[in-house]
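Protein chains in written order, with this note's numbering: chain A, 443 to 617; chain B, 217 to 760. Ideal Cβ placement from N, Cα and C applies to all residues, glycine included. First up is the structure itself, then whatever we jot down about it.
As structure tokens, this is what we get:
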């Protein structure tokens, strides 16, 4: 296992999200959800990796129904719309990480899932926050760590002589 | 915001449209608010004593050492590993793989098992794996010219050439000082509530100050090994003028954009201090003494850079025209360098005002985001808070010629020419002005009565900038008010803005993308602090 600081894991997760094709603001929220899930003593990094399916598609909103299959793309809008008013939520995504999203929002939510139908409700009691038990460093399996790093390469520009030129100090600094 | 209890500002804070422009930020100087100064005041207040529990260094200066100091009720130890490296591998670039000395700041006093564990990790830096007992990771290379000169002179029983010390100013320069959880070291939250280390970058500053002590001990150790009993010790005057060099490149540049809350806190503290100072009685004798010292300091500030050196020459001329009684008014028609130097001088003359504001320089706010606001409300908020970003003509030639990105090479931030270097599709989001304009267009096209949530569902690419505007839009100094992808952008300005808040001096740009600076030059030595003779009056150091 790798024992990662919160900020280190945060950078790794966000790069992985962007590398997978998520808009940066969506990747931010995936990261926040994963870290919140870690603080529940769960495998937030593993859950985030599982949620990062290829070709994340934006959810569709029509007739008061939000439908989506990519949790990172679906969850932020699901919570936004649930906070803004009545909405019907349908998803066939693995929703393990939803508790992390709820906790990251910080204002107490209840989550109910029945088949593909999801109900998100604000509640006055922050039951999830009360169960926060873990603090950094967070344990991440080598396999998950490496997979997230690999995904993160998609957010980085490969090193070439052109990109190295002018990046910083001289090649040799013996002065 | 903490205010000095006896001084109510009667002048307004300077406008963000002035002080947050890139070229103005790039003229910043350190002040008593700077983090190095705050650390030194804490060391002085506690009369902290430095000890050397381990000094296992051979005659060539290689081996390991531990320097420990008590501060704020905790003991911190700098662990140093010095190894021989080939000259052709000595580079200040982040892509380096070996360094003359590598360091970690350890929480407590390390046991032998800790030193053995870290001996195989710290020298590898980014490739190593640390634990939360380690707070900071760093490395430094020797200034070969000066280190060898000082060793040979001391070994012969002589003092080194003061002119060389004045010209170079350091025995080693750091090339990275990593904190906040990188490579397994502790998150900042581990020590954010501890006295002294609770301030921004306090652990990093403590590490660099300890590295300075290590380099001074190392050079005397090697000289003694060569010269035996005939070897001299460095005169305190020369020793004090030796700081720590630092090479800073683009790695530091994105920080200010990525931490708008901190940027606001830093600039707000300085501007509030200035407003208070300008509303307070002035000590003309003190200002005269500071001005005299500043002139001497600037006279010793020489660089090769074709942009910075003429600015320094102008500054020298302008400083001669200032009257201590009227220097703020005198500076109004002078260069940005001169005006910012006067800000620094005025703040130096009022340390109590600055001390009261130091506690405001952190940012622990939890940003709030409300996607239930209407698009019309969001647009109004954008125009009110980020209207400055709408003024740039992003269709103009050169307006998007540059793009920021992160390289696969050790995750190094870089800046490329969009139409020359491949990779623009992986651009880092430092183009705040362009994001604001794009978001404004999307809001224009949206139904104003719709919740923002509806727009962000259809256009999630605006999610981060929407959050940023809501969270930081009411903070006057949170944004660098320039188009950071314009062809005219000089990243060096971002570096100087941040480094001056750290307390760095003698900015020595090597291009528009990296600079060398000197840290802790003129600062009290460990013996000054332990002996009770140290003061915090070391701004604008002069060797004479």
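Shorter than 7 Å from the beta carbon of residue i to some beta carbon of chain A?
| i | result |
| --- | --- |
| residue 621/B | yes |
| residue 368/B | no |
| residue 673/B | yes |
| residue 277/B | no |
| residue 601/B | no |
| residue 642/B | yes |
| residue 217/B | With a pLDDT of 48 at residue 217/B, under the threshold of 50, the predicted position of this residue should be treated as unreliable, though the coordinate-derived value follows. It does not; no Cβ of chain A falls within 7 Å. |
| residue 637/B | yes |
| residue 714/B | no |
| residue 677/B | yes |
| residue 227/B | no |
| residue 397/B | yes |
| residue 521/B | no |
| residue 556/B | no |
Just reading off the beta strand (DSSP E) that residue i is part of, what are its end residues?
| i | result |
| --- | --- |
| residue 580/A | 580-582 |
| residue 481/A | Here residue 481/A belongs to no beta strand (DSSP E); instead the alpha helix (DSSP H) covers 466-481. |
I'd like to know if residue i contacts chain B, where contact means its C-beta is closer than 7 Å to some C-beta of that chain.
| i | result |
| --- | --- |
| residue 450/A | yes |
| residue 514/A | no |
| residue 599/A | yes |
| residue 592/A | no |
| residue 565/A | no |
| residue 465/A | yes |
| residue 481/A | no |
| residue 604/A | yes |
| residue 447/A | yes |
| residue 523/A | yes |
| residue 468/A | yes |
| residue 511/A | no |
| residue 503/A | yes |
| residue 556/A | no |
| residue 498/A | no |
| residue 583/A | no |
Would you kindly report the start and end of the unbroken alpha helix (DSSP H) that includes residue i?
| i | result |
| --- | --- |
| residue 708/B | 707-718 |
| residue 266/B | Per DSSP, residue 266/B belongs to no alpha helix (DSSP H); it is in the beta strand (DSSP E), 266-273. |
| residue 443/B | 418-443 |
| residue 744/B | 742-746 |
| residue 634/B | Element bounds for residue 634/B: n/a, residue is neither H nor E. |
| residue 547/B | Run containing residue 547/B: none; DSSP gives neither H nor E here. |
| residue 485/B | 476-494 |
| residue 520/A | 513-526 |
| residue 557/B | 552-564 |
| residue 256/B | 251-262 |
| residue 654/B | 648-661 |
Less than 6 Å separating the Cβ of residue i from some heavy atom of the ligand HEM?
| i | result |
| --- | --- |
| residue 257/B | No copy of the ligand HEM appears in this structure; indeed no ligand is present at all. |
For residue i and residue j, which I take to be in contact (beta-carbon distance under 8 Å), what is that distance rounded to the nearest angstrom?
| i | j | result |
| --- | --- | --- |
| residue 722/B | residue 517/B | 6 Å |
| residue 479/A | residue 517/A | Residue 479/A to residue 517/A, Cβ: 12 Å. No contact. |
| residue 583/B | residue 683/B | 7 Å |
| residue 733/B | residue 462/B | 5 Å |
| residue 389/A | residue 639/B | Limits of chain A in this structure are 443 at one end and 617 at the other, which puts residue 389/A out of reach. |
| residue 725/B | residue 521/B | 4 Å |
| residue 391/B | residue 427/B | Not really, about 12 Å apart at Cβ, beyond 8 Å. |
| residue 268/B | residue 283/B | 6 Å |
Cutting at 7 Å between CB atoms, please list the residues of its own chain near residue i, excluding the five before and the five after it.
| i | result |
| --- | --- |
| residue 555/A | 537 |
| residue 714/B | 468, 471 and 472 |
| residue 232/B | 692, 693 and 697 |
Within the same chain, show all residues whose beta-carbon is closer than 6 Å to that of residue i, passing over the 5 residues directly before and after it, in chain order.
| i | result |
| --- | --- |
| residue 547/B | 554, 555 and 558 |
| residue 258/B | 412 |
| residue 650/B | 610 |
| residue 323/B | 349 and 351 |
Less than 8 Å between C-beta atoms, sequence neighbours within five positions excluded: which residues of the same chain meet that for residue i?
| i | result |
| --- | --- |
| residue 246/B | 252, 253, 560, 716, 717, 718, 719, 720, 721 and 755 |
| residue 346/B | 320, 334, 337, 338, 353, 399, 400 and 401 |
| residue 487/B | 229, 230, 235 and 693 |
| residue 653/B | 605, 606, 608 and 610 |
| residue 449/B | 370 and 436 |
| residue 666/B | 590 and 591 |
| residue 483/A | 575 and 576 |
| query | Does the stretch 688-706 of chain B come close enough to the stretch 442-453 of chain B that 3 or more CB-CB pairs lie under 8 Å? | reply | no
| message | With three or more C-beta pairs closer than 8 Å as the rule, is the stretch 522-542 of chain A touching the stretch 491-510 of chain A? | response | yes
| said: Would the stretch 269-276 of chain B count as touching the stretch 733-747 of chain B if we require 3 or more Cβ pairs under 8 Å? | reply: no
| field | Stretch-stretch touch, CB-based, cutoff 8 Å, three pairs: the stretch 497-509 of chain B with the stretch 560-575 of chain B | value | yes
| task | Could you say if the stretch 608-620 of chain B and the stretch 449-459 of chain B meet the contact criterion of at least three C-beta pairs nearer than 8 Å? | result | no
| said: Taking contact to mean 3 or more Cβ pairs, one atom from each stretch, closer than 8 Å, check whether the stretch 591-599 of chain B and the stretch 573-584 of chain A are in contact. | reply: no
| Per the contact definition of three or more C-beta pairs closer than 8 Å, is the stretch 525-538 of chain B in contact with the stretch 490-501 of chain B? | no
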